[in-house]
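A.B. asks: Read in my numbering, the sequence shown has 243 at position 200, and its numbers run on one by one without any break. Glycine included, C-beta positions come from ideal geometry on N, C-alpha and C. Only a predicted model underlies this, so the values are computations on that prediction, with no experimental measurement involved. Here you go, one structure.
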Amino acid sequence: MPLNVINTPKVKFKRGNKYFNFALGFSIVLLTSSSVVTEAVASTESQSVAALANHGYAPNEGELMPLLLTGQVASVVSQAFIVPKAGDTWLYQIQWMAPEGSLVKPGEVVLIFDKSEIDSRIEQLEGSLLRVKAQEQSQSIELNAQLLQAEFELKQAKLELEKAVLDASVPADFIAAKDYADFQFNKLKAESELSKKHQALAEIQDKRKASLSQLSIDKQRAELELAQALLGLEQLEIRADIAGPVLYSRDPWTDKKYAVGDNARIGRQVVTIPALNNLEIIAWVNEVDVDRIKLGEPVRLRLDSQTQVTLSGNVADVSRQAKKQPAWGNSNWFRVSIKFKVDKRVEIIPGMSVLVEAGVTPS
44 MPLNVINTPK VKFKRGNKYF NFALGFSIVL LTSSSVVTEA VASTESQSVA
94 ALANHGYAPN EGELMPLLLT GQVASVVSQA FIVPKAGDTW LYQIQWMAPE
144 GSLVKPGEVV LIFDKSEIDS RIEQLEGSLL RVKAQEQSQS IELNAQLLQA
194 EFELKQAKLE LEKAVLDASV PADFIAAKDY ADFQFNKLKA ESELSKKHQA
244 LAEIQDKRKA SLSQLSIDKQ RAELELAQAL LGLEQLEIRA DIAGPVLYSR
294 DPWTDKKYAV GDNARIGRQV VTIPALNNLE IIAWVNEVDV DRIKLGEPVR
344 LRLDSQTQVT LSGNVADVSR QAKKQPAWGN SNWFRVSIKF KVDKRVEIIP
394 GMSVLVEAGV TPS
């Protein structure tokens, strides 16, 4: 009968000069016979117990097997370096990274993304701003000239009206009837022309105001777009806010550490700088085992680099919401925060791998 066993990720554990692998979480057994299930599970459990017993982890009779988790030393205070949204693209190439493990100080450059695309956009925006300014200056000169012309024609119409009023004021008894009629007609005509010139001046003033207002808006928009692009250019060069070691993050899909030349999506965490104080252990527990983790319960810790030293700790927090880790399969994982006691025999820095032994409860 076919038997398919899907194993979850394994943890490499060193004891002395030998390395040992421990299963992280559980195995999924896909088969069709209950007898085969019982046999497979019993075999897997006996092998796990034997492996633990050979390396100092043998449980007493009536106890559950220890729950082994992989963890990492982290800091309560840390700075995450995330791919910024600096332009229209959603993918940025890593151009330079500070060496992993190096200690950086506040203000030092840690991460630089490729700036070629945004540099090109800045050149375009600078050209657009120059064109808008030139257009504003050109139209302003033209509209001011039209305004001066309209004001001149209005003054001329006023003078024409004054002359027409003066001519029309001559009594009819002193001039010919035809001349009197002409003077009255010229007066009416001058009044009409003056009204037209007033209207023309008002239209030019409104046109000038609207045009200059629109040009001002266009210029402000061009200046704002350029300022945003320049800000984006600065965001592509990220500096440290705190002192600490540089730790490269992993791609959530491939579980591969980011490196120079990789492309990263907007919002992805590429680098982390943890502070060198307020240290804690961050581990991940599978959803099927999370009920075995209790707040405040003691745990044993072993650094992968110094397996001969055992540290003591307590579970400080378990996340309420599970998170998928695509590189680990389709299961959900809960984040576990562990506080530990400092041991002067070991030097602990953020980024160190830790083996966590938890979930041992009497039956």
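Just verifying my parser: in three-state terms, what is the DSSP assignment at Asp347?
C.D. replies: Reduced to three states, the DSSP call for Asp347 is coil.
A.B. asks: If we count Cβ pairs, one from each stretch, closer than 8 Å, do we get three or more for the segment 222-239 versus the segment 201-210?
C.D. replies: They touch, by the three-pair rule.
A.B. asks: From this set, Met140, Ala200 and Asn375, which residue's C-alpha is nearest Asn229's C-alpha?
C.D. replies: Checked all of Met140, Ala200 and Asn375; the closest Cα to Asn229 is Ala200.
A.B. asks: Are Gly287 and Leu319 close, meaning C-beta to C-beta below 7 Å?
C.D. replies: Contact: yes.
A.B. asks: Do you know how far the Cα of Tyr291 is from the Cα of Ala302?
C.D. replies: Taking the straight line joining both Cα atoms gives about 8 Å.
A.B. asks: Could you tell me the alpha carbon to alpha carbon distance between Trp327 and Val152, rounded to whole angstroms?
C.D. replies: Taking the straight line from one Cα to the other gives about 31 Å.
A.B. asks: Output the boundary residues of the beta strand (DSSP E) element that contains Leu319.
C.D. replies: Taken as a continuous stretch (DSSP letters only), Leu319 belongs to no beta strand (DSSP E), as it is neither H nor E.
A.B. asks: Can you tell me whether DSSP reads Pro369 as helix, strand or coil?
C.D. replies: Pro369: helix per DSSP, three-state reduction.
A.B. asks: Mind checking which residues open and close the alpha helix (DSSP H) that includes Val379?
C.D. replies: No alpha helix (DSSP H) contains Val379, which is instead part of the beta strand (DSSP E) from Asn375 to Phe383.
A.B. asks: Cα separation between Arg363 and Lys382?
C.D. replies: Roughly 18 Å between the two C-alpha positions.
A.B. asks: Report back the beta-carbon spacing between Ile155 and Glu280 to the nearest angstrom; my notes put them in contact at under 8 Å.
C.D. replies: Yes, Ile155 and Glu280 are in contact; Cβ-Cβ is about 5 Å, under 8 Å.
A.B. asks: As an exercise, report each continuous beta strand (DSSP E) stretch of at least 3 residues that is fully enclosed by the segment 279-321, in chain order.
C.D. replies: With a minimum length of 3 residues, the continuous beta strand (DSSP E) runs that stay inside the segment 279-321 are 280-282, 306-308 and 312-317.
A.B. asks: Using 7 Å as the threshold, is the C-beta distance between Gln115 and Ser374 below it?
C.D. replies: Result no, Cβ atoms of Gln115 and Ser374 do not sit closer than 7 Å.
A.B. asks: Can you name, in chain order, every residue of its own chain whose Cβ lies under 8 Å from the Cβ of Arg293, other than the five neighbours on each side?
C.D. replies: Only Lys299, Lys300, Tyr301 and Ala370 meet the Cβ criterion.
A.B. asks: Within 10 angstroms of its Cβ, does Glu323 collect 16 or more other Cβ (buried), or is it exposed?
C.D. replies: Buried, because 16 or more other Cβ atoms sit within 10 Å of the Cβ of Glu323.
A.B. asks: Skipping 5 residues on each side, what residues in its chain have a beta carbon closer than 7 Å to that of Thr132?
C.D. replies: The answer, listed in chain order, is Glu160.
A.B. asks: What does the Cβ neighbour count give for Lys240, buried or exposed, with the cut at 16 atoms within 10 Å?
C.D. replies: Buried: at least 16 other Cβ atoms inside 10 Å.
A.B. asks: Out of Gln368, Glu196 and Leu146, which has the shortest C-alpha to C-alpha gap to Ala245?
C.D. replies: Here the closest residue by C-alpha is Glu196.
A.B. asks: May I ask you to report which of helix, strand or coil DSSP gives Gly150?
C.D. replies: Coil.
A.B. asks: Could you please give the first and the last residue of the uninterrupted beta strand (DSSP E) stretch that includes Leu134?
C.D. replies: Looking at the DSSP string, the run of the beta strand (DSSP E) that includes Leu134 is Leu134 to Met140.
A.B. asks: Comparing the C-beta of Asp360 with each C-beta of chain C, is any distance below 7 Å?
C.D. replies: The displayed structure is made up of one protein chain only, and chain C is not part of it.
A.B. asks: With three or more beta-carbon pairs closer than 8 Å as the criterion, would you say the segment 342-355 touches the segment 162-178?
C.D. replies: Not touching, per the Cβ criterion.
A.B. asks: Cutting at 7 Å between CB atoms, please list the residues of its own chain near Tyr223, excluding the five before and the five after it.
C.D. replies: Taken in chain order, the residues that qualify are Ala215.
A.B. asks: Would you call the CB atoms of Ser243 and Ala188 closer than 7 Å?
C.D. replies: At residue 243 the sequence reads Ala, which differs from the Ser that was named. Not closer than 7 Å, so no.
A.B. asks: CA-CA distance, Leu134 and Leu186?
C.D. replies: Roughly 46 Å between the two C-alpha positions.
A.B. asks: Pop quiz: Val289 and Ser145 are said to be a contact at Cβ under 8 Å. What is the actual Cβ separation, rounded to whole angstroms?
C.D. replies: Indeed they touch by this definition, with Cβ atoms about 5 Å apart.
A.B. asks: Could you have a look at Ile325 and say whether DSSP puts it in helix, strand or coil?
C.D. replies: In this structure, Ile325 counts as strand in the three-state DSSP scheme.
A.B. asks: Output the residue ranges of the alpha helix (DSSP H) runs that lie fully inside the segment 200-241 and measure 4 residues or longer, sorted by chain position.
C.D. replies: Taking only runs of at least 4 residues, no alpha helix (DSSP H) segment lies wholly in the segment 200-241.
A.B. asks: Can you list, in chain order, the residues of its chain whose CB lies under 8 Å from that of Lys366, leaving out five sequence neighbours each side?
C.D. replies: Closer than 8 Å at Cβ, skipping near neighbours: Asn375, Trp376, Phe377 and Arg378.
A.B. asks: Hey, how far is the Cα of Ala66 from the Cα of Val147?
C.D. replies: Interpretation of Ala66 is limited by its pLDDT of 40, a score under 50 that renders its predicted location unreliable; no figure is taken from the coordinates.
A.B. asks: Pick out whichever of Val352, Ile316 and Trp296 has its Cα sitting closest to the Cα of Pro142.
C.D. replies: Comparing Cα positions, the closest option is Ile316.
A.B. asks: Are the CB atoms of Ile125 and Gln368 nearer to each other than 7 Å?
C.D. replies: The answer is no: Cβ separation not under 7 Å.
A.B. asks: For Leu338, name the three-state secondary structure that DSSP assigns.
C.D. replies: Three-state result, Leu338: coil.
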